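Residue numbers (the numbering used here): 6 to 345.
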């Protein structure tokens, strides 16, 4: 999520993020090169040493959501942050002769990138957006835990262990229902001031988790073109050509968290949404591999959502075009269907 353009900064800090650790490169060389990744460590070992937040820029990479805690704490301290595209960082590193790779080298590359490249700043998330992200991430964790426990249940021969696993599964499933309830309640409350929520969840196959994810992690929905939104999520086919050699166009990069949820929503839509279902069947019948057909349907669903949010039109309603004529929002108009 991009905000305003960068200004000039007297201090640039690059931070490479891993699950347990932050590696740091500071243009002022005043911060230790490694700290634990926790809110307490960020506040005590990073924020306390930044005396002039308005003159400091922090650069990190998008890491599938692992960066959220760091970015939110920095924004709360009024520090500007760039969440860089990993592919661009790799290209920048190669272009500047960084052929080796380590966490400390990555932090140094991020710091240099912040000094030399002008890109948009990350926009601070609202409390509601943070809540949506926390809830959807917890739901993902619960799904993973339930899957692991189900595997253990199938593999166990001991009656007592099976009983323990079954108890754990019941507890996890109870918590899953609670999280789903919280997500739905949060959406209902937010929908009072955000019309996009009811627009998004009106689409067959799009549930509360997909809606919350789009609201929190894809605020650009409805504000940019279908090509840009597809690239942002990582479902746009990219050409890789050199000389006479040209690889098959593949979707790559983008916001992994959004893409994963979009994948699950599209699977549901191929069963519940007539437009997506017909498109999927047609693509497979024409010889496209099922996986590629599903990616194309992901792109189509995203494009439809982008168009609906732009016009604030729910599924099945009619919208007014720029010229004032009325067009139907269902089935999806031809101009929103990809030609993949």
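Every residue, glycine too, gets a C-beta built ideally from N, C-alpha and C. Fair warning: this is a prediction, and the values are worked out from it, not measured in the lab.
Check	Outcome
Residue interval of the beta strand (DSSP E) (run including residue 16)	16-22
Alpha carbon of residue 67 to alpha carbon of residue 89, nearest angstrom	6 Å
Residue range of the unbroken beta strand (DSSP E) whose run includes residue 61	61-66
Whole-angstrom distance between residue 171 and residue 225, CA atom to CA atom	42 Å
Enclosing beta strand (DSSP E) for residue 89 [first to last residue]	85-89
Cut-off 8 Å between Cβ atoms - residues of its own chain near residue 315, not counting five sequence neighbours on either side	227 and 228
Anticipated Cβ contact below 8 Å, residue 113 with residue 30, distance rounded	4 Å
Rounded separation between residue 192 and residue 150 - CA only	25 Å
Of the residues 56, 59, 76 and 55, the one placed nearest residue 65, counting alpha carbons only	76
Neighbourhood of residue 73 by C-beta, 7 Å cutoff - its chain only, sequence neighbours within 5 removed	138
Between the CA atoms of residue 99 and residue 19 - distance to the nearest angstrom	17 Å
Sequence-distant residues of the same chain with beta carbon closer than 7 Å to residue 55, five excluded per side	61 and 84
8 Å Cβ cutoff met for residue 238 and residue 272	no
Close Cβ partners of residue 35 (< 6 Å) along its chain, the five nearest in sequence each way excluded	54
Candidates 231, 43, 321 and 32, of which the one nearest residue 203 by Cα	321
Inter-residue CB distance, residue 201 and residue 220 (contact presumed, cutoff 8 Å)	7 Å
Residue 310 vs residue 205 beta-carbon contact at 8 Å	yes
Three-way DSSP call (helix, strand, coil) for residue 72 in this model	coil
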